[in-house]
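According to this note's numbering, the stretch in the sequence shown is residues 92 to 325, in order.
All C-beta atoms in this analysis are idealised placements derived from N, C-alpha and C, irrespective of residue type, glycine included.
It should be emphasised that the depicted structure is a prediction, and the values quoted were computed from it without experimental measurement.
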Amino acid sequence: DYRGRGHSDFDPDWRNYALPIEMLDVIDFITLTGLQDAALIGTSRGGLISMLLAAAQPTAVGAVVLNDIGPVVEHEGMARISGYVGRVPLPISWPDAARMMRELNRRHFPEISEAVWENVARQWYNEKNGKPAPGYDSNLGNALSVLDGPMPTLWPQFEALKRVPLMVVRGENSDILTAQTVDEMRRRHPAMATVTVPNQGHAPLLKDPTTTEAIRHFLTAADAGRQFATLASA
């Protein structure tokens with residue numbers, strides 16, 4: 092979990108909820124664990140950090156799956172997200188949490204079942220005494236609220252991914268990653284694999300068999316290619 096999310100500590104200064112600082116957190120983790128050529132699945136903000144990491148520390152990144160994120164982040168989608176992050180009341184039960192998840196996302200995820208929404212809620216919230224507990228620092232809303240205009244594009248950082256296998260998963264209903272941006276990404280990285288998840292928005296849940304099998308196949312092929320390159324250079 093990045094700082095301020097999940098079971099990670101909350102930062103006393105919300106200004107540290109920033110991509111460069113979160114990338115440095117990842118680099119610290121990589122240094123401690125000795126990871127190299129890691130396969131990264133970056134959903135939303137995690138994908139932005141993956142692009143920054145590939146540019147800052149190329150040897151750490153071996154393959155990347157970007158889940159509904161790219162070098163251009165649509166302002167419409169960011170405005171929608173900033174409208175609820177840090178503002179949604181804490182649900183009183185897990186069924187209540189599932190209901191809230193459905194209400195927030197039903198326009199972009201019209202075919203998700205109640206059981207899946209409860210599973211999503213359990214990812215979104217922590218648990219305390221059998222009930223939902225805050226799953227992120229509400230001050231993350233402050234970090235998003237300062238984005239009163241379009242985010243800077245990350246095309247230079249995306250260029251760093253040209254040296255590694257890359258897959259992009261896009262939700263058909265996404266308001267964060269457009270099909271036009273995916274087309275430009277493919278133009279710059281012709282070997283990029285793409286998957287469009289029907290009837291899902293930002294970000295695809297990565298739970299349907301078609302998508303998970305595509306990711307599994309991509310990562311298996313990427314690993315096989317890396318091993319071949321290692322043998323060829325030996």
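Per-residue burial, residue i [other beta carbons within 10 Å of its own, 16 or more giving buried]
i	result
VAL237	exposed
GLN214	exposed
ASP104	exposed
GLU113	buried
PHE309	buried
THR272	buried
GLN127	exposed
ARG106	exposed
Distance between residue j and residue i (C-alpha atoms, nearest Å)
i	j	result
ALA270	VAL163	11 Å
ILE203	MET192	11 Å
ARG101	VAL176	It is worth fixing the name first, because residue 101 is Phe in this sequence and not Arg. If you take the alpha carbons of PHE101 and VAL176, they lie about 15 Å apart.
GLN248	ALA147	9 Å
ALA234	GLU205	31 Å
THR285	GLY137	18 Å
GLU263	GLU167	16 Å
LEU297	HIS199	15 Å
Per-residue DSSP class, three states only, for residue i
i	result
ILE160	coil
ALA315	helix
ILE267	coil
ARG94	coil
LEU110	helix
MET258	strand
ALA294	coil
heavy atom of the ligand FAD below 7 Å from residue i C-beta
i	result
PRO295	With respect to the ligand FAD, the structure offers nothing, as it holds no ligand at all.
Report the start-end ranges of each alpha helix (DSSP H) in the region 175-249 that is 4 residues or longer and not cut off at the edges. Counting only runs of 4 or more, we get 185-196, 205-215, 231-236.
Pairs of beta-carbons, one from the region 176-189 and one from the region 277-291, closer than 8 Å: are there three or more? No, they do not touch.
Pairing CB atoms from the region 254-263 with CB atoms from the region 288-307, are three or more of them under 8 Å? Three or more beta-carbon pairs drawn from the region 254-263 and the region 288-307 are found closer than 8 Å, and the two stretches are therefore classed as touching.
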